[in-house]
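Asker:
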Amino acid sequence: MAICGRIVESVGEGVTDLVPGDHVLPVFTGECKECAHCKSEESNMCELLRINPDRKVMISDGQARFSVDGQPIYHFLGTSTFSEYTVVHSGCVAKINPQAPLDKVCILSCGFCTGFGATVNVAKPKKGSTVAIFGLGAVGLSAFTENLNFDTILLREPPVE
Ligand SMILES: [Zn+2]
Numbered sequence: 001m002a003i004c005g006r007i008v009e010s011v012g013e014g015v016t017d018l019v020p021g022d023h024v025l026p027v028f029t030g031e032c033k034e035c036a037h038c039k040s041e042e043s044n045m046c047e048l049l050r051i052n053p054d055r056k057v058m059i060s061d062g063q064a065r066f067s068v069d070g071q072p073i074y075h076f077l078g079t080s081t082f083s084e085y086t087v088v089h090s091g092c093v094a095k096i097n098p099q100a101p102l103d104k105v106c107i108l109s110c111g112f113c114t115g116f117g118a119t120v121n122v123a124k125p126k127k128g129s130t131v132a133i134f135g136l137g138a139v140g141l142s143a144f145t146e147n148l149n150f151d152t153i154l155l156r157e158p159p160v161e
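Take the sequence shown: its letter number 145 is residue 145 in my numbering, and every next letter is one higher.
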């Protein structure tokens, strides 16, 4: 699948959940939707598409999709988003609402997934719980959600060393 500025330009054989024109966000921890981790409610560490800085080619055929003067340009973290166009596994994009303005939407890298996912899927604080959140960066701020049941939130910036 090729994407341009978070708009799907084309899809490869076998891709059924995306069509050209879909708006997407690339994610470097993808989901194959088939492995034990993808089927778990407590993990997003897909066996096939988890972050892997050593994987520099497409999984389907072990080849890079780009080259310059005959030399391959290898992929990076499954998304290679430091270019205008890229090719990614369909599990490495998240389809978004087409009404969302593409110049404003962004994913805070692993920050949102980590903060929100760890709180909602792993910690699962019960009503009346006291929750401490250390740091107010992307991870800490993503731990907040109106869907959580905890009553008290303790915030603390990490000490400056
Ligand atoms: Zn998976």
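Beta carbons: idealized from backbone N, C-alpha and C, even for Gly.
Using the three-state DSSP reduction, which class does Thr81 fall into: helix, strand or coil?
Answerer: Thr81: coil per DSSP, three-state reduction.
Asker: Taking a cut-off of 7 angstroms, which residues have a beta-carbon closer than that to any heavy atom of ligand 1, in chain order?
Answerer: So the residues near ligand 1 by this Cβ test are Glu31, Cys32, Lys33, Glu34, Cys35, His37, Cys38, Cys46, Glu47, Leu48, Leu49.
Asker: Between which two residues does the beta strand (DSSP E) harbouring Ser129 extend?
Answerer: Careful: Ser129 lies outside any beta strand (DSSP E) and carries neither H nor E.
Asker: Excluding sequence positions up to five away, which residues of its chain have a Cβ less than 8 angstroms from the Cβ of Arg55?
Answerer: Within the same chain, Arg55 has close Cβ partners His75, Gly78.
Asker: Alpha carbons only, please: which of Cys106, Gly115, Lys39 is nearest the one belonging to Gly137?
Answerer: Per the Cα distances, Gly115.
Asker: Between the C-alpha atoms of His23 and Thr16, what's the straight-line distance to the nearest angstrom?
Answerer: His23 and Thr16: Cα-Cα distance of roughly 15 angstroms.
Asker: In angstroms with no decimal places, state the Cα-to-Cα distance between Ser60 and Phe66.
Answerer: Those two C-alpha atoms are separated by around 15 angstroms.
Asker: Counting only runs that start and end within the stretch 28-80, where is the alpha helix (DSSP H) found for 4 or more residues in a row?
Answerer: Segments of the alpha helix (DSSP H) lying fully in the stretch 28-80: 36-39.
Asker: Please classify Phe28 as buried or exposed, where buried requires at least 16 neighbouring CB atoms within 10 angstroms.
Answerer: So Phe28 counts as buried.
Asker: For Gly117, collect the residues of the same chain with a Cβ closer than 7 angstroms to its Cβ; drop the 5 residues on either side in sequence, then sort them by chain order.
Answerer: Excluding sequence neighbours, Gly117 sits near Asn44.
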